[in-house]
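A.B. asks: Take this structure first; my questions come after.
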Amino acid sequence: MKKILWTGSLLLLCTAVMADDGDKTTIDGMKIQKITFDGDKMTVKYNDGTADATFDMAEVVISFEGATSIEERITIARQAGLEGKAIYTLKGVYAGKSMAGLKPGLYVIDGKKVLIK
């Protein structure tokens, strides 16, 4: 009996899990298939077959808006669009108006959660 339970437990642990197909993830309103990171570059492959877009990570901010579940919309904005706006930590502490010199982490900029790497 113990062998059957043990075998069943192992089979359950070996079950394959597949990710969502990416249809619900968008960047600047376009559906994406895959995002890859290589050093200081980020490459985005779109579902519609258009050319891949490559971004320099020093100029990219990834923010998660309106998250109600695992399916989150990812919006990419250039730093220039966020400069000069009030920056707060997740605890509500004012961190200034410039992203220069911020430690990596999550911040609130213009009412949106933003990940700074």
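Under the working numbering, the residues of the sequence shown are numbered 35 to 151, in order. Idealized CB from N, CA, C, for every residue including glycine.
Checking 7 angstroms against the spacing of the C-beta atoms, do I69 and L149 come in under that value?
C.D. replies: Cβ distance not < 7 angstroms, so I69 and L149 don't count as in contact.
A.B. asks: Drop a sphere of 10 angstroms on the beta-carbon of V78, count the other beta-carbons inside from all chains shown, and report buried for 16 or more, exposed for fewer.
C.D. replies: Looking at its Cβ environment, which holds 16 or more other Cβ atoms inside 10 Å, V78 is buried.
A.B. asks: Tell me whether the beta-carbon of I121 lies closer than 7 angstroms to the beta-carbon of A129.
C.D. replies: Yes, they are a contact pair.
A.B. asks: Have a look at G83 and V127 and give me their C-alpha separation to the nearest angstrom.
C.D. replies: So the two alpha carbons sit approximately 43 angstroms from each other.
A.B. asks: Ignore the nearest five residues each way along the sequence and tell me which others in T123's own chain have a CB closer than 7 angstroms to its CB.
C.D. replies: A129, Y141.
A.B. asks: First and last residue of the beta strand (DSSP E) that includes G139?
C.D. replies: Note, G139: beta strand (DSSP E), 139-143.
A.B. asks: Kindly provide the ranges of any beta strand (DSSP E) runs that are 3 or more residues long and lie completely inside the region 60-96, ordered along the chain.
C.D. replies: Here the runs fully enclosed are 64-72, 75-80, 87-90.
A.B. asks: On the criterion of 16 or more Cβ atoms from any shown chain inside 10 Å, does M76 qualify as buried, or is it exposed?
C.D. replies: Burial call: buried.
A.B. asks: May I ask you to list the residues that DSSP assigns as paired with I121?
C.D. replies: DSSP output for I121 lists G130, I143 as bridge partner(s).
A.B. asks: With C-beta atoms as the reference, is K131 less than 7 angstroms away from G145?
C.D. replies: No; because the gap between Cβ atoms is not below 7 angstroms, this pair is not in contact.
A.B. asks: Exposed or buried, L116, counting other C-beta atoms within 10 Å across all chains shown (16 or more means buried)?
C.D. replies: Result: buried.
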